[in-house]
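Chains as they are written, first to last, in the working numbering: chain A, 1 to 535; chain B, 536 to 901.
We treat Cβ as the ideally placed atom computed from N, Cα and C, and that holds for glycine.
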Amino acid sequence: MIARWGWAAALVVALGVAPVAADVVLAGRVVKTDRREVYVNLGEGVGVEVGGRIRFKRPIALRHPVTRAAVNDWLPLGEGTVAAVGNQLARIELPPELLTTIKAGDLAEIYVERAEAAPPPPPKPAPDDRPIPTVDAETAQVLQVWRATTGKPIDERIGVWSGWLASHATSPYAEAVRADLEVLRATALAMTPDLPGRPRALDLHVEHAAPKRALAGADVPLAFVLADPAQVVAASLHVRTRGQPVYERVELVREHDIYLRGALPAALVAAPGVEYFVETIGADGSAGAAYASDAAPATIEVDAPAVVERFTATRQRTRLTIIGSYLDFATFDDRKDSAGNTLDRRDRFAETQIDVLYRLAGVVQGVRLGFGAYGGRGGFSEAVWTDAQPAPVIGFQYGFVEAELRLPIDRGPALGLAGRFVAGVGREGFGVGVAGRLRLGEPDATNLSVGVSGVQQVGFLSDLLLETWPLPKVPVGLSVAVTDQPGNGDLGVRLAADLGYRLRPWVRPTVRVSWQGRTAAHAGVGGGLGLVFDW
Amino acid sequence: MTSSSLTLALVAVALAAGPVAADGVRHVPPAEAEAGAPIELVASIADAGHKDVVLHYRARGAVAWVDVAFTQAAGGQWVAAIPAAAVLPPGLEYYLQSAAAAADGAAPAAIDEFASAADPHPIVVRTGDKDARRLRDLGRTGGRRSRAHAAFEWVDFGQRDNAAGAVVPDRYYRIDLDFAYRLLAYPLEEIRFGYTRLEGIVPNSDRRVPADCTPATEGSAACRVDAGFKVGGWFELGLALAEGVRFDGRGMFTANQESFALGARGELRAGIADGNHLAVAVEYMADVGTIGSFRLGWATVPKVPMAMTVEVTDLPSSTRATGVRLLYDAFYPLPTGLRLGGRLGYAARDQIIGGLSAGVSASYDF
Chain A
1 MIARWGWAAA LVVALGVAPV AADVVLAGRV VKTDRREVYV NLGEGVGVEV GGRIRFKRPI
61 ALRHPVTRAA VNDWLPLGEG TVAAVGNQLA RIELPPELLT TIKAGDLAEI YVERAEAAPP
121 PPPKPAPDDR PIPTVDAETA QVLQVWRATT GKPIDERIGV WSGWLASHAT SPYAEAVRAD
181 LEVLRATALA MTPDLPGRPR ALDLHVEHAA PKRALAGADV PLAFVLADPA QVVAASLHVR
241 TRGQPVYERV ELVREHDIYL RGALPAALVA APGVEYFVET IGADGSAGAA YASDAAPATI
301 EVDAPAVVER FTATRQRTRL TIIGSYLDFA TFDDRKDSAG NTLDRRDRFA ETQIDVLYRL
361 AGVVQGVRLG FGAYGGRGGF SEAVWTDAQP APVIGFQYGF VEAELRLPID RGPALGLAGR
421 FVAGVGREGF GVGVAGRLRL GEPDATNLSV GVSGVQQVGF LSDLLLETWP LPKVPVGLSV
481 AVTDQPGNGD LGVRLAADLG YRLRPWVRPT VRVSWQGRTA AHAGVGGGLG LVFDW
Chain B
536 MTSSSLTLAL VAVALAAGPV AADGVRHVPP AEAEAGAPIE LVASIADAGH KDVVLHYRAR
596 GAVAWVDVAF TQAAGGQWVA AIPAAAVLPP GLEYYLQSAA AAADGAAPAA IDEFASAADP
656 HPIVVRTGDK DARRLRDLGR TGGRRSRAHA AFEWVDFGQR DNAAGAVVPD RYYRIDLDFA
716 YRLLAYPLEE IRFGYTRLEG IVPNSDRRVP ADCTPATEGS AACRVDAGFK VGGWFELGLA
776 LAEGVRFDGR GMFTANQESF ALGARGELRA GIADGNHLAV AVEYMADVGT IGSFRLGWAT
836 VPKVPMAMTV EVTDLPSSTR ATGVRLLYDA FYPLPTGLRL GGRLGYAARD QIIGGLSAGV
896 SASYDF
């Protein structure tokens, strides 16, 4: 609907430049109210149709805070739907929250599309060459607040002007603002729905100076002053991060009878902003919005945290991993020559690695940097090694850097993508490699990932890995991999199982067992140990 | 939230009534203020003729309270002002008390009217974005803007030999002395001047000692090369692209074994240089070689920030084969501004022969 009104406004602007049709926003009045409906003096004669949306406003007479000239302003109330249309009147259905709000005499506006051509635009007024008057800083500030509150809901106006008055009590405009606040409060009280047993004069409102901006991730202390302390027996602060559907309730502490103090919790103070309102219960048990409301909450802007905040030292951000593993592809290869001699078909490699992971918030979930060494011999299932043809020796010492991204997907399990760059030296000198892993699920919970890596002088490895926590302290990893390591040899498959145990919250030893083979005859077992430290 | 659930929630949190009526002192507390502008606190005091109302304020984190008595202003309001000089980030905290003279002439008893010394009300003091950022940056450095730094490093890629038995080392050392000043004139965050000395000995071949070298000739220029330079001066600008993202660009002038030469270095870093960060850097020095590196630093171990670096380099001579260095750094910062560091690492140009790297560093912030 907002888009439609915005479109209408844009159209009106466009018409001012090049009129092609007479689409208009019609204004009428509420002429009668009923239990669930109201009637407005706009009918099909002016183009109103069933199903159209109609907007209601409450006229309010104020005085300009500087000039004290009378100003006719309005307060937004809400919207209804045209249910039936006569020639002169339209019947409007209202949402439940507006049933007791709309009164006869309220403004009604509806956007109407018309096919006929628009009337010619009025002639442009002659340019005003008079110099723009200058004002002092205090006047300029009052005018700024005035402009900012024009057209806003009444609770928001009361809150803003109360806040201004709290810090400008000796301003030359203070008296004028106080008078206007009285008008606003009286209007707000008159607009509050009648509740059984509630005296109309009960004032459950609070005065409050609201902060404009806040730092993400920090509590925002607030204080409220009860307008009529004797009438209020309970109060509650409701808070949500802007964009979230549900408010969280925060207890307000009453102090010195008239004050309410509390804080917006740090966890909810996040970009783009935090919203809140205060509800009070009167001595007669009636409840009411004391400051802003759930439909029109007060807002504090919260800046997105700077990059540096993601690097602020906190607990549980760092992980040190040390692993060592050994794989033998020929443990069970007992093929012999014709004379019955055991043949040398050695095919094995070992790898050790140490790395540090630093976790970040946001799209970049973590960065990792580590060192490793890799060594092995063989790599071929059918080769027989002799003194004349010894098994090739493969070695590689390397460092790597890795970044893991958390893809911004709203639905389904978390999706992570990690990329690694490897640089090292082998027997043939300098070499590089790359690796990537796509992960479905949280890294430290049940997840399934597929990875592929290729390193010069060493070979490639691709694997499918399932990690899960069948017991709270026991992580398990199951993987199947295809590789030509060590040294770009024959393809082989590796089945591995990793089992860990969380001894303490910060340390977790792991053990690995594996079976690998390049053919049915050329296969073997392997194992490994690891230590993971979290702090 | 529906109105019924809201009402239930409200009923569940019925307020415990505080101390009864604060004798008519009514004050709407401000939530924030602009740095360098006085704060005028306003109160309505019903029985002003019978008691004095006093504002107690202090900077956040300070111990002592400053007292200001409320005075009557135009319009019947009572006002107490916090002077502009005291309105500094990150903020202030305050409470109000009243004291009524006792009938028997005893000393008046102070009564809390709003907040209390144990639970004062905070006012956030805001500054411009750049000023706030400058304060945060200075907070990270303890308010110190200058740093003098010295580092020494010994790098050994191992000894190379040939079939004839000639042995030539492959190593170098490097000394860096520099001075940095944090301008904090964003985006220009820091300027740095420095001196570097880098000298080494390498075989006169990419990874081997030339085959025709013998133990008798291994010291000759045909077998070994003196690499590096004795004097290198440089100038570096630290540009903060955003808070926590910085590019350091360096221009370098050296007098190496052959002639005057140029060099350059660039480092892009996310995070805090002395704490948690990730950095990628490239350094080039004509005839001497090129370094490319990744570094991850973490300050999550109390009092001992650390870093790991993977470096790809052909130093100390661009004629040498490219190798890798795997480095671990640990630092020990002291409250005085002194920061001591140690480095251990491994360097190799191939998997067969490698050597250790070791270094020490010290910096002093003031």
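Within-8 Å CB hit, residue i to chain A
i      : result
B/Q607 : no
B/V702 : no
B/R884 : yes
B/P657 : yes
B/A581 : no
B/A599 : no
Interface residues of chain B facing residue i [CB-CB closer than 7 Å]
i      : result
A/E207 : V563
A/G399 : V845, V859 and L861
A/S338 : Near A/S338 there are no residues of chain B at all, since even the closest Cβ is about 38 Å away, more than 7 Å.
Endpoints, the alpha helix (DSSP H) within which residue i is located
i      : result
B/K665 : D664 to R675
A/A148 : A137 to T149
A/W506 : Taken as a continuous stretch (DSSP letters only), A/W506 belongs to no alpha helix (DSSP H), as it is neither H nor E.
A/I409 : Taken as a continuous stretch (DSSP letters only), A/I409 belongs to no alpha helix (DSSP H), as it is neither H nor E.
Cβ of residue i within 8 Å of any chain B Cβ
i      : result
A/T318 : yes
A/R427 : yes
A/I258 : yes
A/T170 : yes
A/A423 : yes
A/S293 : no
A/A395 : Residue identity check: residue 395 of chain A is Gly in the sequence provided, not Ala. Chain B contact via Cβ: present.
A/Y276 : no
A/G197 : Here A/G197 scores only 41 on pLDDT, less than 50, and its place in the model should not be relied on; the value that follows carries that caveat. Answer no: the Cβ-Cβ gap between A/G197 and chain B never drops below 8 Å.
Cutoff 8 Å; reference residue i; Cβ partners in own chain excluding five residues on either side
i      : result
A/A227 : R185, D203, L204, H205, V206 and E207
B/D574 : Per the sequence presented here, residue 574 of chain B reads as Ile, with Asp not at that position. Excluding residues within five positions, the ones whose Cβ falls inside 8 Å are P565, A568, A616, I617, V622, L627 and I658.
A/T81  : G51, G52, R53, I54, I92 and E93
A/V597 : With chain A represented from 1 up to 535, any question about residue 597 of chain A goes unanswered, as that position is not in the structure.
B/D761 : E734, G735, I736 and Q792
A/R213 : I300, E301, V302 and D303
For residue i, the residue or residues it bridges with in DSSP
i      : result
A/T468 : A/V476
B/Q632 : B/V589 and B/D647
B/M787 : B/W769 and B/G798
A/K57  : A/P76 and A/L107
A/Q397 : A/A373 and A/V425
A/L264 : A/V220
A/E37  : A/E93
B/M820 : B/G798 and B/G824
B/P704 : B/Q694
B/V780 : B/A777 and B/A805
Closer than 8 Å at the beta carbon, the chain B residues around residue i
i      : result
A/K212 : E567
A/L222 : A566
A/V367 : L813 and L831
N-terminal and C-terminal residue of the beta strand (DSSP E) that residue i is part of
i      : result
A/L165 : Looking at the DSSP string, A/L165 is not in any beta strand (DSSP E); the run it does join, the alpha helix (DSSP H), is I154 to S167.
A/I354 : R348 to R359
B/E725 : L723 to P738
A/N72  : A70 to V85
A/A27  : V24 to T33
B/L869 : Here B/L869 belongs to no beta strand (DSSP E), and DSSP marks it neither H nor E.
A/E275 : G273 to G282
A/G528 : A523 to D534
A/H238 : V232 to T241
Cβ neighbours of residue i in the same chain (closer than 6 Å, five flanking residues each side left out)
i      : result
A/I409 : L415
B/V859 : V847
Contacts that residue i makes with chain A (C-beta to C-beta distance below 7 Å)
i      : result
B/R742 : G429
B/R780 : Looking at the sequence itself, residue 780 of chain B is Val, so the reference to Arg does not match. The answer, in chain order, is V307.
B/I887 : R427
Under 9 Å by beta carbon: chain B residues contacting residue i
i      : result
A/W164 : In chain order: nothing, as chain B lies at least about 10 Å away.
A/E175 : G610
Cβ neighbours of residue i in the same chain (closer than 7 Å, five flanking residues each side left out)
i      : result
A/A289 : D155, F277 and E279
Chain-ordered neighbours of residue i on chain A, where CB pairs are closer than 8 Å
i      : result
B/E818 : Under the 8 Å cutoff, chain A gives no residues; its nearest Cβ is about 16 Å from B/E818.
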